[in-house]
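Scroll down for the structure; my scribbles are underneath it.
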Amino acid sequence: MEVKDFFNLYWKQKHLRWFDRYYDFLKIINEDVFKKLSVSSPKKILAVGIGETRDIDYFNKLREKVITVDISFDGLKRLKRFERIQMDVNEMGFKKESFNIIFLRTVMLHLDHKKVLLEIKRVLKKNGRFFWIEPMKDNIFLWLYRYIISPGRFTRIDYLTYREVLSFRFFFKGLWHREYFFFTVLLIPLYVFLPQSRRFILMLQKLEMRIIDRYKWLRRFCWISYGCGEI
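Quick note, the numbering used here runs 1237 ahead of the 1-based positions in the sequence shown.
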């Protein structure tokens, strides 16, 4: 199935999005990214593929000009406050140096990584910043979900590797990134279906993050990479 066809179906069929309820599982990361994003200078922001996620709430608080793009028009319907454009991010139709900030979440797995990084670099202004929150390839605990359960398993998917994240330094200066959630990904179903467990899971996440920060070789096996780079 083509990516565009999948997302046309994905945004129309709510039952395909049940796993999206894990959004707050990434609360620590979400808050860190948007804190860094919000302290940047006055800006024009490009938000890619945010759809009907809670990212909408964060961008509403920023009171900046936000343009949202998605390959599926159905993914743009709720974003009425923002300027909406249906577009393939591999080939953005924006002029050079159009944006101060570009934000991607769970998008690069559907794109040509090198091609989209070059496009991001092209349309960012001088001193512009690129923020990402993206799943990575080598977390063994997610294989069952990704290749047997996930509604996106029939589309072309190319997850980031840790080596690719490190290669971002060839595209952006001042690269900053972190990778988290190794064994705690096993707790996602519990987090989603048993809300009273969330405080305990948050404690485990913080403990695991300290372990990963200490033993950096674990980063390549984590679920999520997030960070930012500058032009």
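Think of the CB as a built atom: it goes at the ideal place given N, C-alpha and C, for glycine as much as any other residue. No experiment lies behind these values; they were computed from the predicted model shown.
Query raised in the report: Under a three-way DSSP split, which group does Tyr1396 fall into?
Result: coil
Report task. Determine the extent of the alpha helix (DSSP H) in which Gln1442 is found, giving its start and end residues. Result -> Arg1435 to Arg1451
Query raised in the report: Going straight from the alpha carbon of Lys1443 to that of Asp1269, what length do you get?
Result: 13 angstroms
Query - Cutoff 8 angstroms; reference Lys1410; Cβ partners in own chain excluding five residues on either side - result: Gly1466, Glu1467 and Ile1468
Requested in this report: Note down, in chain order, each residue of its chain lying with its Cβ closer than 7 angstroms to the Cβ of Ser1275, except the 5 sequence neighbours on either side.
Outcome: Leu1299
Query - When Phe1271, Phe1310, Ile1438 and Lys1333 are compared against Leu1341, the one with the closest alpha-carbon - result: Phe1271
Query raised in the report: Per DSSP, what kind of secondary structure is Asn1337 in: helix, strand or coil?
Result: strand
Query raised in the report: How many whole angstroms separate the CB atoms of Asn1327 and Glu1356, which I take to be in contact at a CB cut-off of 8 angstroms?
Result: 7 angstroms
Report task. Evaluate the contact criterion for the stretch 1417-1435 versus the stretch 1454-1464: three or more CB pairs, one atom per stretch, below 8 angstroms. Result -> yes
Requested in this report: Kindly list the residues whose CB is nearer than 7 angstroms to the CB of Arg1359, restricted to its own chain and excluding five residues on each side of it in sequence; keep chain order.
Outcome: Lys1333
Report task. Under the assumption that Ile1339 contacts Leu1316 (Cβ atoms under 8 angstroms), give the Cβ distance between them as a whole number of angstroms. Result -> Wrong, their Cβ atoms sit about 16 angstroms apart, outside the cutoff.
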